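Inspection log for the structure reproduced underneath, given as structure tokens.
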Amino acid sequence: MNEIFSSQAFGIMLTFFLYLFSTFLYQKTKFPLFNPLLMSSILLILYIEIAKIDLHTFLTDLSGIQLFLGPLIVSLAIPVVKKIDIIKKNFLVIAVGSFVGAVTSIGAVLILGPLFGLDTEIIMSIVPKASTTPIAIEVSESLGGIKAITVAVVVLTAVIGSVIIPILIKLFKVKDSRVIGLGLGSTCHAVGTARALEIDPEAGAISSVALVFTGVITAIYILFL
Numbered sequence: 292m293n294e295i296f297s298s299q300a301f302g303i304m305l306t307f308f309l310y311l312f313s314t315f316l317y318q319k320t321k322f323p324l325f326n327p328l329l330m331s332s333i334l335l336i337l338y339i340e341i342a343k344i345d346l347h348t349f350l351t352d353l354s355g356i357q358l359f360l361g362p363l364i365v366s367l368a369i370p371v372v373k374k375i376d377i378i379k380k381n382f383l384v385i386a387v388g389s390f391v392g393a394v395t396s397i398g399a400v401l402i403l404g405p406l407f408g409l410d411t412e413i414i415m416s417i418v419p420k421a422s423t424t425p426i427a428i429e430v431s432e433s434l435g436g437i438k439a440i441t442v443a444v445v446v447l448t449a450v451i452g453s454v455i456i457p458i459l460i461k462l463f464k465v466k467d468s469r470v471i472g473l474g475l476g477s478t479c480h481a482v483g484t485a486r487a488l489e490i491d492p493e494a495g496a497i498s499s500v501a502l503v504f505t506g507v508i509t510a511i512y513i514l515f516l
């Protein structure tokens, strides 16, 4: 019986089910902490712990899910195409904003990491936190980081940012879609872009481009580390 519950087919089905359930819960409540990515991750962790599933085997069986990461990022081109005129008009603003966001994120880790006594391996795992998962994983591995830590930090960065940034937007009454899009896209990648689309379609389009720029800039920046 345990073999069935730890099988690849069951694991993939359970992961999709938990994400759909979390999405339904979030859409009904709009409660920030019910973010589908966060909620489904917590539920999946609880299942693994309660069912006493071997984590290494479970992760190995679910490795095929990573194939969806590429198409997910490519699909973000849809809001970009719909708002292409706005992207062209604000291209320089988006490029500069993404550059500043990426460099600030990396610089903060490199400066604060040693101050908090983190090992080099941990620091290198956290450095690409502002990039989307596929890019972050590649960057982390090339720097000698730990893949599992990188994925966890990227997810936490996305979820925390997508919760806090909208609150700040309301608090400071930010109306400029460029600021909203850059803020979410350059720090919270795909999750932030989804949140930006909920706030404003133009912000979502800008966030999609900022997400890509931030990832590319991060990948280039690590060549000098």
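The sequence shown begins at 292 in the working numbering and counts up one residue at a time. Where is the CB? At the ideal position from N, CA and C, for every residue including glycine. Just so you know, these numbers come straight off a predicted model, no measurement behind them.
Give a yes or no on whether the C-beta atoms belonging to I377 and E493 are separated by under 8 Å.
Judged by their CB atoms, I377 and E493 are nearer to each other than the 8 Å cut-off.
So V430 and V418 are supposed to be a Cβ contact under 8 Å. How far apart are they, rounded?
That belief holds up - the Cβ atoms of V430 and V418 are roughly 7 Å apart, short of 8 Å.
So, are the CB atoms of G472 and A485 less than 8 Å apart?
Cβ atoms of G472 and A485: not closer than 8 Å.
Distance, Cα to Cα, A421 vs I341?
Going by the C-alpha atoms only, they are around 32 Å apart.
Grab the span of the alpha helix (DSSP H) containing S498 for me, first residue to last.
Its alpha helix (DSSP H) spans residues 492 to 512.
Looking at C-beta atoms only, is the number of pairs between the stretch 435 to 454 and the stretch 462 to 472 that lie closer than 8 Å three or more?
By the Cβ rule, the stretch 435 to 454 does not count as touching the stretch 462 to 472, because fewer than three pairs are nearer than 8 Å.
Close Cβ partners of T314 (< 6 Å) along its chain, the five nearest in sequence each way excluded
Taken in chain order, the residues that qualify are P327.
What do you get for A330, buried or exposed, if any count of 16 or more other CB atoms within 10 angstroms of its CB means buried?
Note on residue identity: the sequence assigns Met, not Ala, to residue 330. By the neighbour-count rule (16 or more Cβ atoms within 10 Å), M330 is buried.
Assigned exposure category for T505 - 16 Cβ within 10 Å defines buried
Buried, since its Cβ has 16 or more Cβ neighbours within 10 Å.
Spatial neighbours of L334 within its chain, please: C-beta separation below 6 Å, excluding the five flanking residues on both sides.
Answer for L334: L309, listed in chain order.
To the nearest angstrom, report how far apart V404 and A501 are at their CA atoms.
Note that residue 404 is Gly in the sequence shown, not Val. Roughly 25 Å between the two C-alpha positions.
Taking buried to mean at least 16 other C-beta atoms within 10 Å of its own C-beta, is P362 buried or exposed?
Exposed, because fewer than 16 other Cβ atoms sit within 10 Å of the Cβ of P362.
What did DSSP end up calling A485 once you bin it into helix, strand or coil?
In the structure shown, the three-state DSSP call for A485 is helix.
Taking the runs of the alpha helix (DSSP H) that are 4 residues or longer, which of them lie wholly in the stretch 370 to 423?
Listed in chain order, they are 375 to 380, 382 to 406, 411 to 417.
Comparing alpha-carbon positions, which option in I414, L459, S499, S416 lies nearest I375?
Selected option, being the one with the closest Cα: S499.
V365 to A481, Cα distance in whole Å?
Straight-line Cα distance between these residues: approximately 11 Å.
Tell me whether G408 is buried or exposed, calling it buried when 16 or more other Cβ atoms sit within 10 Å of its Cβ.
Around the beta-carbon of G408, fewer than 16 other beta-carbon atoms lie within 10 Å, marking it exposed.
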